[in-house]
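Note that my numbering has the sequence shown beginning at 5, numbered continuously upward.
The beta-carbon is built from N, C-alpha and C at its ideal position, and this holds for glycine as well.
Since this is a predicted model, take the numbers as computed values, not measurements.
All remarks here apply to the structure that follows.
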Amino acid sequence: MEFKKLIQEIESTKEFKDWKEKHPDFYLVHAFVMKDQSNQEVWQIGYYDKNTNKMEIIVKQGDKIEFAPAQEILKASQEILPLDPDEVKIDYNKAIEIALDCIKENYPKEPILKNFFIIQHLEGATIYNITYVAQTFKTINVKVSSTDGKIIKHSCEKLADFK
C-alpha cells in the first residue's frame, strides 16, 4: 500500500479522530514494519509529543487499528521531526529492492535472515531506514531517500563480539 494512502486511511477513521482530539500535540514521526511471515502488512505508526516526550504507536493490520498507550521515550540526540507523507515518493517495495541491490554489490557474503524498515525524517531527509540481520551475526543498514531512491548511506556492523 502506498504510504500516503495508508496514513490517510488511518487518519480518516473515527478512532483516530477521537484519539487526535484528546492528543492534539502528537504528530506523525515514523512508520515501522518488520518484514517476516508473521508480520506481513503490520504497520506500526508512531506519533510523538515533544512537550511530554511521549510516543504513541498505532498498529494497523488489514482493516483493524489499535492504539498502544503513550510511552515516554529516551531523549534523542537529535530533534524528532515530523514525517511528511508527501515526501515519501517511492514505494517501500522499491526501497527494499534498492537496498537488496546495495547488499548484493557491497556485502555479497552476508546471507540475510530477516529485515525491517522505518520511514522517518533523519539527517535532514525523509528516508527508508532499512536494517537486515545476517546469519553471520551482523546487521546491514541501508538508508534510502524516500523521494528519489538514492542510497544515502550503508554499513555493516557486528551485532556483538562473542569470545
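Query raised in the report: Unbroken beta strand (DSSP E) runs of length 3 or more, entirely within the segment 19-49: which are they?
Result: The DSSP assignment places complete beta strand (DSSP E) segments of no fewer than 3 residues inside the segment 19-49 at 31-39, in order along the chain.
Query raised in the report: So, are the CB atoms of Lys118 and Val137 less than 8 Å apart?
Result: Numbered from its first residue, the sequence shown carries residue 118 at position 114. Numbered from its first residue, the sequence shown carries residue 137 at position 133. Contact flag set, yes.
Query - Nearest-angstrom Cα separation, counted from Glu60 out to Tyr31 - result: On the sequence shown, position 27 is the one that residue 31 refers to. On the sequence shown, position 56 is the one that residue 60 refers to. Going from the Cα of Tyr31 to the Cα of Glu60 covers about 10 Å.
Query raised in the report: Distance, Cα to Cα, Lys58 vs Pro73?
Result: Along the sequence shown, read from residue 1 onward, the residue named residue 58 stands at position 54. Along the sequence shown, read from residue 1 onward, the residue named residue 73 stands at position 69. One C-alpha to the other measures close to 10 Å.
Report task. Check whether the Cβ atoms of His27 and Gly50 sit closer than 8 Å, and answer yes or no. Result -> Numbered from 1 along the sequence shown, position 23 holds the residue referred to as residue 27. Numbered from 1 along the sequence shown, position 46 holds the residue referred to as residue 50. Taking 8 Å as the Cβ cut-off, His27 and Gly50 do not qualify as a contacting pair.
**Report entry** Run of the beta strand (DSSP E) containing Glu101, from where it starts to where it stops
**Finding:** The residue labelled residue 101 in the question sits at position 97 within the sequence shown. That residue, Glu101, is in no beta strand (DSSP E); its alpha helix (DSSP H) goes Tyr96 to Asn110.
Report task. State the start and end residues of the unbroken alpha helix (DSSP H) segment that holds Lys9. Result -> In the sequence shown, residue 9 corresponds to position 5, counting from 1. Segment Phe7 to Glu15, the alpha helix (DSSP H) holding Lys9.
Requested in this report: Reducing DSSP to helix, strand and coil, say where Asp90 ends up.
Outcome: Looking up residue 90 in the sequence shown gives position 86. Reduced to three states, the DSSP call for Asp90 is helix.
Query raised in the report: Does the beta-carbon distance from Phe71 to Ile77 come in below 8 Å?
Result: What you label residue 71 is simply residue 67 of the sequence shown in a count that begins at 1. What you label residue 77 is simply residue 73 of the sequence shown in a count that begins at 1. Here Phe71 is not near Ile77, since their CB atoms are 8 Å or more apart.
Report task. Please say whether Glu6 and Asp95 have beta carbons closer to each other than 8 Å? Result -> Counting from one through the sequence shown, the residue named residue 95 turns up at place 91. Counting from one through the sequence shown, the residue named residue 6 turns up at place 2. Their beta carbons are under 8 Å apart, which means Asp95 touches Glu6 by this criterion.
Requested in this report: Please name the residue or residues paired with Thr135 in a DSSP beta bridge.
Outcome: In the sequence shown, residue 135 corresponds to position 131, counting from 1. Residue pairing by DSSP puts Thr135 in a beta bridge opposite Phe120 and Asn145.
Query raised in the report: Leaving out five residues before and five after Leu163 in sequence, what residues of the same chain have Cβ atoms less than 7 Å from its Cβ?
Result: Against the sequence shown, residue 163 aligns to sequence position 159. Within the same chain, and ignoring the five residues on either side of Leu163 in sequence, the residues whose Cβ sits closer than 7 Å to its Cβ are Phe141, Lys142 and Thr143.
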